[in-house]
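Asker: Take this structure first; my questions come after.
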Amino acid sequence: MKKIAIITTDIPSKTGSGYKMRCYYIARALSKSFAVDIFSLSDNDQNKATNLDFVNHIEICNYHPIEENKLIWFINRLIRLLFFSKPAGAVRTYNNNFIDKIVSAHKNNKYDIVLAEGIWMSQYFNFFPGTKKVIDNHNIETVLYKRELKILLGFKKIAKWIDWLFKLSVFEKIKNQESDLSIVTSNNDKSFLEKMIGQDRNIKVIENVVDFSSSDKKYINPISKDYILFAGLLSYFPNEDGILWFGNKIWPKLKGNFQDLSLVIVGANPTAKIKKIFANDKNVVITGFVDNIDEYRQNALIEIVPLRLGGGTRFKILEALAFGIPVVSTSIGAEGLDIKEGEIFIEDEPESFFRAIEQLMNNKGLREEMSFKGLKVIKNKYNFDSISLETNDIFKELSND
C-alpha cells in the first residue's frame with residue numbers, strides 16, 4: 010500500500026471548524042487506498058486527536074502564538090510586512106519543531122504523496138523530496154483577501170492590501186504551479202485558480218461532504234426556547250463580520266416581531282465586538298466552544314449564514330441541511346454549493362433576509378417542506394460515500410503517474 014503524508018494547521022476532526030472537518034473527510038476517504046500519516050500543528054496543548062482510527066499514524070506539534078495587545082499586534086504586523094517575503098499566513102504557520110518531525114518521518118517512511126491541507130502548509134513541500142505534491146485549497150486566499158479589503162479600514166486594510174498584492178498573490182500562484190495536483194472545493198474556485206495558474210494545470214474538484222448518521226440521534230433542546238442558530242469559529246473574520254451585520258441590521262427588527270424568539274450563537278473565541286453588540290440582550294445566547302454542536306443544530310428552527318466574505322464552500326449549510334434545518338443564507342454564504350433557491354433561502358439585503366426568516370417563522374409547512382428538500386440535497390449530492398470513491402480515483406491516478 011502506498012503512503013501519503015497529510016500536513017495540516019489543525020487536528021482533523023469530524024466536528025468543529027470547516028477546515029478541521031474537510032481534513033477529516035479527505036483523510037478518511039484516502040485511508041481506503043493509502044496508508045495515511047497525519048502531521049498537525051496545534052495551538053492548544055489540550056487538543057487531542059479523536060475518531061481517527063483509520064489513520065496509520067498521527068503526530069501533533071504544539072506551538073504557542075504570543076497573546077498580542079493592539080500595540081504588539083501592530084509592531085509584529087509591521088515587521089512581517091517589512092522584513093518577510095512570505096504572506097502573514099505562511100509566517101504564522103512556520104514552525105521549526107514541525108520541520109524536524111516531518112523530516113524524520115519522511116526519512117523513515119519515504120512517502121509517495123504529500124498533501125498540504127490549505128495553501129500555507131505547502132511551504133513545507135521542500136522537506137518531502139521525491140514525493141508527489143498536492144495542495145487542497147480550502148479557499149482561494151487571494152479572492153478571500155480581496156473581499157475582506159472592501160470591509161477593512163485603517164492600518165488593517167493597508168497591511169492586508171500589501172500582503173495581498175505583493176506576497177499572497179505571488180505565493181499562492183507559485184505554490185499551486187509547483188504542485189502536481191491542486192484540489193479545490195467547487196467549480197467556482199476551479200475557475201478562479203485556472204485564471205491564476207492556467208487551464209492546462211492539474212486541478213480537480215473535491216466537494217465538501219457530511220456524514221449525516223449523527224442526525225439520527227435525538228437531543229433535548231439545550232435552551233428550552235424557540236431559536237435561530239448561527240454557528241462558526243467566531244474569531245474568523247468572515248464569521249465575525251457576518252454575525253455583526255446580522256446583529257446590527259436584522260436582529261433588532263426580528264426580535265421586535267417575535268418577542269419569544271432567541272438567537273443562539275455557537276462557536277469558539279467570540280470576539281469583544283460580538284460580546285459588546287449582544288451584551289444586554291436576554292434573547293441572545295453566546296455559548297463559546299461546545300463539545301457537541303449537534304444538540305444545538307437539531308433543535309434550531311432556522312440556521313442563518315449571513316456571510317459577506319469568505320471562500321470555498323460552507324460546511325455549516327451542509328450540516329444544517331443534514332439535520333433538516335431550513336437555511337437562510339447570503340449568496341456568498343452559499344457560494345460554490347449546488348443548491349438552488351427553494352432548497353434554501355438566498356438573500357443579500359437586510360430586508361429580504363429578514364423577510365425570509367419571517368416567512369419561515371410564520372409557516373410551519375414551509376419549514377417542513379424545506380427540511381425535506383435539504384435532506385434530499387445531502388443524500389443525493391453531498392454524502393461521504395459519493396465523494397470517497399472519486400477522491401481515491403484522483404489520488405490513485407496521481408500515484409501511478
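Mapped onto my numbering, the consecutive letters of the sequence shown carry residue numbers 10 to 410. For every residue, glycine included, the Cβ atom is placed at its ideal position computed from N, Cα and C.
Helix, strand or coil for Phe354 per DSSP?
Answerer: As a position in the sequence shown, residue 354 is number 345, starting the count at 1. If DSSP states are grouped into helix, strand and coil, Phe354 belongs with the strands.
Asker: Check the C-beta distance from Pro279 over to Leu243 and give it rounded, since I have them as a contact under 8 Å.
Answerer: Working through the sequence shown from its first residue, we reach residue 279 at position 270. Working through the sequence shown from its first residue, we reach residue 243 at position 234. The pair is a contact, with the Cβ atoms about 4 Å apart (cut-off 8 Å).
Asker: Between the C-alpha atoms of Leu61 and Lys41, what's the straight-line distance to the nearest angstrom?
Answerer: In the sequence shown, counting from the first residue as 1, residue 61 sits at position 52. In the sequence shown, counting from the first residue as 1, residue 41 sits at position 32. Approximately 13 Å, taken between the alpha carbons.
Asker: Using a Cβ distance threshold of 8 Å, determine whether the stretch 326 to 337 contacts the stretch 373 to 392, with at least three qualifying pairs required.
Answerer: yes
Asker: Determine which residues share a DSSP beta bridge with Cys70 and list them.
Answerer: One-based indexing of the sequence shown puts residue 70 at position 61. In DSSP, Cys70 forms a bridge with Leu50.
Asker: Closer than 7 Å by C-beta to Pro359: which residues in its own chain qualify, once you throw out the five before and the five after it? Chain order, please.
Answerer: Within the sequence shown, the letter at position 350 stands for residue 359. Taking C-beta separations shorter than 7 Å and ignoring five residues to either side along the sequence, the partners of Pro359 in its chain run Lys258, Ile259, following chain order.
Asker: For Gln132, count neighbouring Cβ atoms within 10 angstroms of its own Cβ and tell me buried if that reaches 16, exposed if not.
Answerer: Reading the sequence shown from its first residue, position 123 is the one you call residue 132. Buried is the call here.
Asker: When you compare the CB positions of Arg31 and Glu126, do they come within less than 9 Å of one another, or not?
Answerer: On the sequence shown, residue 31 is found 22 positions in, with the first residue counted as 1. On the sequence shown, residue 126 is found 117 positions in, with the first residue counted as 1. It is a contact, given that the beta carbons lie within the stated cut-off.
Asker: Report all residues from its chain with a CB closer than 6 Å to the CB of Asp220; omit the five preceding and five following residues, and keep chain order.
Answerer: Residue numbering aside, residue 220 sits at position 211 when the sequence shown is read from its first letter. Closer than 6 Å at Cβ, skipping near neighbours: Phe393.
Asker: Mind checking Met10: buried by the 16 CB within 10 Å criterion, or exposed?
Answerer: Residue numbering aside, residue 10 sits at position 1 when the sequence shown is read from its first letter. Exposed is the call here.
Asker: Considering only C-alpha positions, which residue in the set Ala309, Ile215, Asp198, Phe239 is nearest to Glu344?
Answerer: Here residue 344 refers to the residue found at position 335 of the sequence shown. Of the listed residues, the one whose Cα sits closest to Glu344 is Asp198.
Asker: Check the C-beta distance from Ile16 over to Val123 and give it rounded, since I have them as a contact under 8 Å.
Answerer: Position 7 of the sequence shown, counting from 1, holds the residue named residue 16. Position 114 of the sequence shown, counting from 1, holds the residue named residue 123. Cβ atoms of Ile16 and Val123 come within 8 Å of each other, at about 7 Å.
Asker: Starting from Ala114, trace the alpha helix (DSSP H) in both directions and tell me its first and last residue.
Answerer: Numbered from its first residue, the sequence shown carries residue 114 at position 105. Looking at the DSSP string, the run of the alpha helix (DSSP H) that includes Ala114 is 105 to 118.
Asker: For Lys192, count the other beta carbons within 10 Å of its own beta carbon; 16 or more makes it buried, fewer makes it exposed. Which is it?
Answerer: One-based indexing of the sequence shown puts residue 192 at position 183. The residue you asked about is not Lys; residue 192 is Ile in the sequence shown. Buried, because 16 or more other Cβ atoms sit within 10 Å of the Cβ of Ile192.
Asker: Taking the straight line between their C-alpha atoms, what separation do you get for Arg306 and Thr151?
Answerer: The residue labelled residue 306 in the question sits at position 297 within the sequence shown. The residue labelled residue 151 in the question sits at position 142 within the sequence shown. Cα to Cα, the separation comes out at about 32 Å.
Asker: Within 10 angstroms of its Cβ, does Asp52 collect 16 or more other Cβ (buried), or is it exposed?
Answerer: Start at 1 with the first residue of the sequence shown, and residue 52 comes out as number 43. With fewer than 16 other Cβ atoms within 10 Å, it is exposed.
Asker: Measuring straight from C-alpha to C-alpha, what distance separates Lys325 and Asn266?
Answerer: By 1-based counting over the sequence shown, the position of residue 325 is 316. By 1-based counting over the sequence shown, the position of residue 266 is 257. Their Cα atoms are separated by approximately 26 Å.
Asker: When DSSP builds the beta bridges, which residues end up paired with Ala44?
Answerer: Taking the sequence shown and counting its residues from 1, one reaches residue 44 at position 35. Paired residues: Lys12.
Asker: Mind the definition here: the stretch 199 to 209 touches the stretch 277 to 292 only if three or more C-beta pairs lie below 8 Å; say whether that holds.
Answerer: Segments in contact, no.
Asker: Report the rounded CA-to-CA distance for Pro335 versus Ile341, giving the unit in angstroms.
Answerer: Your numbering for residue 335 matches position 326 in the sequence shown. Your numbering for residue 341 matches position 332 in the sequence shown. Approximately 17 Å between the Cα atoms of the pair.
Asker: Under the three-state reduction of DSSP, which class applies to Asn148: helix, strand or coil?
Answerer: Reading the sequence shown from its first residue, position 139 is the one you call residue 148. Of the three classes helix, strand and coil, the one that applies to Asn148 here is coil, per DSSP.
Asker: Suppose the cutoff is 8 Å on Cβ atoms and the five residues either side in sequence are ignored; what does the same chain contact list for Glu68 look like?
Answerer: Translated into the one-based positions of the sequence shown, residue 68 becomes position 59. Excluding residues within five positions, the ones whose Cβ falls inside 8 Å are Asp46, Ile47, Phe48, Ser49, Lys110, Ala114.
Asker: Are the Cβ atoms of Phe43 and Ser338 separated by less than 9 Å?
Answerer: Translated into positions along the sequence shown, residue 43 becomes position 34. Translated into positions along the sequence shown, residue 338 becomes position 329. No.
Asker: Taking the alpha carbon of Phe134 as the point to measure from, which residue in Asp189, Glu378, Lys23, Lys373 has its own alpha carbon closest?
Answerer: Residue 134 sits at position 125 when you count from the first residue of the sequence shown. Comparing Cα-Cα distances from Phe134 to each of Asp189, Glu378, Lys23, Lys373, the minimum goes to Asp189.
Asker: Quick one: what's got a C-beta closer than 6 Å to Lys23's C-beta in the same chain, skipping five residues either side?
Answerer: Looking up residue 23 in the sequence shown gives position 14. Closer than 6 Å at the Cβ level, and outside the excluded window around Lys23, lie Tyr33, Asn60.
Asker: Closest to Ile302 by C-alpha separation, out of Asp145, Arg376, Pro231, Leu310, would be which residue?
Answerer: Counting from one through the sequence shown, the residue named residue 302 turns up at place 293. When only C-alpha atoms are compared, the closest one is Pro231.
Asker: I'd like to check one pair, Phe239 with Glu312: are the Cβ atoms closer than 9 Å?
Answerer: Taking the sequence shown and counting its residues from 1, one reaches residue 312 at position 303. Taking the sequence shown and counting its residues from 1, one reaches residue 239 at position 230. It is a contact, given that the beta carbons lie within the stated cut-off.
Asker: Can you give the beta carbon distance from Ile237 to Leu327, rounded, assuming they're within the 8 Å contact cut?
Answerer: If you number the sequence shown from 1, residue 237 lands on position 228. If you number the sequence shown from 1, residue 327 lands on position 318. With 8 Å as the limit, Ile237 and Leu327 do not qualify as a contact, their Cβ atoms being about 18 Å apart.
Asker: Quick one: measure Cβ to Cβ for Val218 and Ile396, integer angstroms, because I've assumed they're closer than 8 Å.
Answerer: Along the sequence shown, one-based indexing puts residue 218 at 209. Along the sequence shown, one-based indexing puts residue 396 at 387. The Cβ separation is near 5 Å, so the contact holds.
Asker: Closer than 7 Å by C-beta to Arg37: which residues in its own chain qualify, once you throw out the five before and the five after it? Chain order, please.
Answerer: Here residue 37 corresponds to residue number 28 of the sequence shown, with the count starting at 1. Correct list, in chain order: Phe63.
Asker: Just how far apart, CA to CA, sit Gly351 and Lys29?
Answerer: Start at 1 with the first residue of the sequence shown, and residue 351 comes out as number 342. Start at 1 with the first residue of the sequence shown, and residue 29 comes out as number 20. Between the alpha carbons of Gly351 and Lys29 lies a distance of about 29 Å.
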